[in-house]
């Protein structure tokens with residue numbers, strides 16, 4: 001059972017790799033295309049559901065192991081950050097301005113900001129998963 005959960009957890013981590021690559025996908029010319037924005041939104045939507053699966057498989061593996069309290073707190077905070085910033089990224093992709101000539105810079109900054117913070121949190125999750133018992 002533990003090996004199956006680990007396999008599903010690793011499969012979910014591969015699916016969440018979108019968040020690591022997200023800042024590199026945010027070219028200004030790409031963000032002006034509605035079709036590209038819809039693809040980003042639906043990829044983000046899918047990864048948010050993978051995040052829920054990651055939570056369930058991670059919780060099952062956590063209950064079978066013995067981990068330091070600091071690690072548990074850090075994982076909970078960073079995991080919440082991935083979900084929150086990823087959700088805000090999806091919100092701003094869905095609420096793109098109707099005309100990109102007006103108020104484009106504020107919207108672009110918000111999209112990039114949330115994408116970069118999501119990517120940073122995802123990187124921190126990878127570091128925490130690699131070293132669960134400290135450095």
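Residue numbers (UniProt numbering): 1 to 135.
In this text, a Cβ means the ideal position worked out from N, Cα and C, and glycines have one as well.
Please read all numbers here as calculations on a predicted model, not as lab measurements.
Between the segment 56-70 and the segment 114-125, are three or more C-beta pairs nearer than 8 angstroms? Segments in contact, no.
Can you tell me which of the three DSSP states residue 27 falls into? Correct three-state label for residue 27: coil.
Taking the continuous alpha helix (DSSP H) assigned at residue 22, which residues delimit it? Careful: residue 22 lies outside any alpha helix (DSSP H) and carries neither H nor E.
Sufficient close CB pairs (3 or more, under 8 angstroms) joining the segment 80-91 to the segment 40-56: They touch, by the three-pair rule.
Judging by CA-CA distance, which residue of 26, 10, 31 is the nearest neighbour of residue 61? Minimum Cα distance to residue 61 is reached at 10.
Sequence-distant residues of its chain with Cβ nearer than 8 angstroms to residue 128 (five each side left out): Taken in chain order, the residues that qualify are 71, 74, 75, 78.
Check residue 131 in the structure and name its three-state DSSP category. In this structure, residue 131 counts as coil in the three-state DSSP scheme.
Assumed close pair residue 47, residue 24 - CB separation to whole angstroms, cut-off 8 angstroms: Taking a contact as a CB-CB distance under 8 angstroms, the pair residue 47 and residue 24 does not count as one, their CB atoms being some 15 angstroms apart.
Taking the C-alpha atoms as reference points, what is the distance between residue 33 and residue 64? One C-alpha to the other measures close to 47 angstroms.
With distances taken Cα to Cα, identify the nearest neighbour of residue 30 among 93, 134, 106, 133. The candidate whose alpha carbon is nearest that of residue 30 is 93.
Burial state of residue 125, where buried means 16 or more other Cβ atoms lie within 10 Å: By the 10 Å Cβ count, residue 125 comes out buried.
How long is the line joining the alpha carbons of residue 21 and residue 38, rounded to whole angstroms? The alpha-carbon atoms of residue 21 and residue 38 are separated by roughly 17 angstroms.
Quick check: the Cα distance between residue 104 and residue 14, rounded to an integer number of angstroms? Each residue's alpha carbon lies about 32 angstroms from the other.
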